[in-house]
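Going left to right, the sequence shown walks through residues -18 to -1, 1 to 288 as mature numbering (1 follows the signal peptide of the UniProt record, and there is no 0) numbers them.
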Amino acid sequence: MLFTRLSTFLLLAVFATAATVDRRAAPIDQLVGFATQNGGTTGGAGGATTTVTTLAALRAAVTGATAKIVEINGIITGDGETIDVGNHTTVVGIGSNSGVTGGGFRVKKGTNVIFRNLQLSKSPAPTDLIELQTSTNIWVDHNTFTSDLTHDKDFYDGQLDMNHGTDFVTVSWNVFQQHFKCSLVGGSDNTGDEDSGHLRVTYHHNHFLEINSRTPSLRFGTAHIYSNHFDNVLESGVDSRDGAQTLIESNQFTNTVDPIETTLNGGLCVATGTLTTVPYAYTTDAASSVASIVAASAGVGKVTGL
Ligand SMILES: *[C@@H]1O[C@H](CO)[C@@H](O)[C@H](O)[C@H]1NC(C)=O
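Take a look at the structure:
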């Protein structure tokens, strides 16, 4: 018996060692991308920390414009309405199973907000899991967004949507999974006046897993999309339209239908567009290593602290 257990253990140990992660060049604990611009994004750094476990306490804690860190302990069940987050706020989950289900966050006419290490799931439409409206300097990092593909495609809205002139956003090291319409940047074909020259967003080292479309869909804006893993994307991946400029590099596409589209109202990506440089330093990982790197380091439970 002991020998059997020991040999089973050794066998497992051998397998565990064999599944090595490719060497990573990019740091996992550092803000990179468009949210570093326009003065940078620090969230609630320097402010007081409040720990919350109820919806009412969460709602109260994230309002107001003074710097603050709001830690969520456990999964809070939402009421389907948005939770409005004030300026200079960090919302962070404790451990690997803290966040919100059945509701979502919104930053409206705000600035300097960080969402990190949160489990966010199943917010019924029209509430997105995170919506950024007319807001600047937002960092969405190391969260896990989960819905399901069993409901109708409009049952949930977006996992992470940005609109009405939002600007300077970084979306890094998240897992977006089991969802129809993942991330819409630019809410309508008619908002060019407020969106053109804005909607500058970086997506890097995210794992898009079993998503139907919009990883992301981009209208009018400027997106830099590098070292993401597109993994079983069912209908379309990056959708650059309405004159959006998209620089797409070092991504891995696995079993992804229509990985890059530019056919709707004349979108542009690097093959056809003019966006070839971005105003910040960054480190890509090789496309062939991205799946392994992102599997090891994206989503909740990978970074601690703020
Ligand atoms: C939050 O920041 C925005 C953008 O700077 C500003 O317009 C707004 O007045 C701020 N809100 C508060 C309550 O200070």
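A virtual CB, placed ideally from N, CA and C, is assigned to each residue, including glycine. Computed from a predicted model, the values in this text were never measured in an experiment.
In this structure, the C-beta of N145 stays at least 8 Å away from each heavy atom of ligand 1. Look at the beta carbons and you see the region 269 to 282 not touching the region 246 to 254: under three pairs across the two are nearer than 8 Å. Ranked by Cα distance from S232, the first of D224, L257, H206, D240 is H206. K135 has its CB no nearer than 8 Å to any heavy atom of ligand 1. Put simply, of S103, Q115, D171, G147 the residue whose alpha carbon is nearest the alpha carbon of Q159 is S103.
R98 is positioned such that its CB atom lies closer than 9 Å to that of G75. DSSP places V252 in no beta strand (DSSP E); its state is neither H nor E.
Judged by pairs of C-beta atoms under 8 Å, the region 164 to 176 touches the region 140 to 148, as three or more such pairs exist. Not one heavy atom of ligand 1 is found less than 8 Å from the C-beta of A38. DSSP places G81 inside the beta strand (DSSP E), whose first and last residues are 81 to 83.
In this structure, S199 and D267 do not form a Cβ contact; the two beta carbons are roughly 24 Å apart against a cut-off of 8 Å. By the Cβ criterion, the region 172 to 191 is not in contact with the region 49 to 62, since fewer than three pairs of Cβ atoms, one from each stretch, lie closer than 8 Å. At a Cβ-Cβ threshold of 9 Å, I58 and V89 do not count as neighbours. Assigned with DSSP and collapsed to three states, E217 falls in coil, not helix or strand. W155 is the residue among W155, G179, I96 whose C-alpha sits nearest the C-alpha of G283. Secondary structure at S195: strand, using DSSP grouped into helix, strand and coil. Within the DSSP secondary-structure output, Y262 pairs in no beta bridge. When the Cα atoms are used, G174 and V3 turn out to be separated by approximately 43 Å. Short note on N20: C-beta not closer than 8 Å to any heavy atom of ligand 1.
Remark: C-beta atoms of H211 and T236 approach each other more closely than 9 Å.
Look at which beta carbons fall closer than 6 Å to any heavy atom of ligand 1; those residues are A47, N69, K91, G92, T93.
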